[in-house]
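S.K.: According to our numbering, the stretch in the sequence shown is residues 28 to 186, in order.
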Amino acid sequence: MAQFKKIYSEYKHRVYFFVRKYIQGDEDVEDVVQDIFVHVWKHMDRANDQSAIEAIIFKTSKQEVAHFYRKNKLVMVSSDQNEIPENEDEISDELYTEEQISKIESLLDKLPRKTKELFIQHKIENLSYSQLAKENNISKVAIGKHINKAISFLKINLP
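#1: Can you name, in chain order, every residue of its own chain whose Cβ lies under 7 Å from the Cβ of Gln90, other than the five neighbours on each side?
#2: Which term fits Phe64, buried or exposed, when burial requires 16 or more other beta carbons within 10 angstroms of its beta carbon?
#3: Rounded to a whole number of angstroms, what is the C-alpha to C-alpha distance between Ser36 and His94?
#4: Tell me whether the segment 165-176 and the segment 137-147 touch, counting them as touching only if at least three CB pairs, one residue from each stretch, are closer than 8 Å.
#5: Are Val67 and Ile83 touching if we call contact CB-CB under 8 Å?
#6: Could you check what DSSP says for Met28 in three-state terms: helix, strand or coil?
#7: For Leu181, which residues from the same chain have a beta carbon less than 7 Å from its beta carbon, with the 5 sequence-adjacent residues on both sides left out?
#8: Cutting at 7 Å between CB atoms, please list the residues of its own chain near Leu159, excluding the five before and the five after it.
#9: Using a Cβ-Cβ cut-off of 7 Å (strictly less than) and excluding sequence neighbours within five positions of Ser245, which residues of its own chain qualify?
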């Protein structure tokens, strides 16, 4: 019990602010933080040193934030859909953003298939050059060339 109290007092603020970056409501943040420390309590015996404890805490934090989003997906989607823009600027911003996304999608369709796939995997799915190189059996330099080709093409063709 003393070990858990020490861990809790040492990490409670860091975990709270980490979760707060991703979740807005105070009650929701507190619930997620509580779930994180319940998990830490259950698995505390697996940690044999300070770095292992920290790794467990922040891996659990990421998982609990993701779980929160999955669990509340329907509520979040419906509340966004019912949101009414307050003024004409917000409406035009939304239209501009949708227009830009459409332009980018149509430009990406003009790229070679492999370049498009690698660009999306790197920029949207956040896969590293190393991961992409392993998966596609090509060098990191080749991955970089594909990504740079896509970026250059987008820069030239977007206003």
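Backbone N, C-alpha and C define an ideal beta-carbon position, used for all residues, glycine too. Note that the structure is predicted; figures quoted are calculated from it, not measured.
M.R.: The structure says:
#1: As a first step, residue 90 must be located in the sequence shown, where it is residue number 63. So the list is empty, once near-sequence residues are dropped.
#2: As a first step, residue 64 is located in the sequence shown; it is residue number 37 there, counting from the start. Label assigned to Phe64: buried.
#3: Your numbering for residue 36 matches position 9 in the sequence shown. Your numbering for residue 94 matches position 67 in the sequence shown. Distance between the alpha carbons of Ser36 and His94: 24 Å.
#4: yes
#5: To locate residue 67, count along the sequence shown from 1; it is residue 40. To locate residue 83, count along the sequence shown from 1; it is residue 56. At a Cβ-Cβ threshold of 8 Å, Val67 and Ile83 count as neighbours.
#6: The residue given as residue 28 occupies position 1 in the sequence shown. Note: Met28 maps to coil in three-state DSSP.
#7: Within the sequence shown, the letter at position 154 stands for residue 181. Excluding sequence neighbours, Leu181 sits near Ile131 and Leu134.
#8: For this step, residue 159 is matched to residue 132 along the sequence shown. Once the five neighbours on either side are set aside, the close Cβ partners of Leu159 are Leu145, Gln148, His149 and Ile170.
#9: What the structure shows of the chain is the stretch from 28 to 186, and residue 245 is not part of that stretch, so it cannot be assessed.
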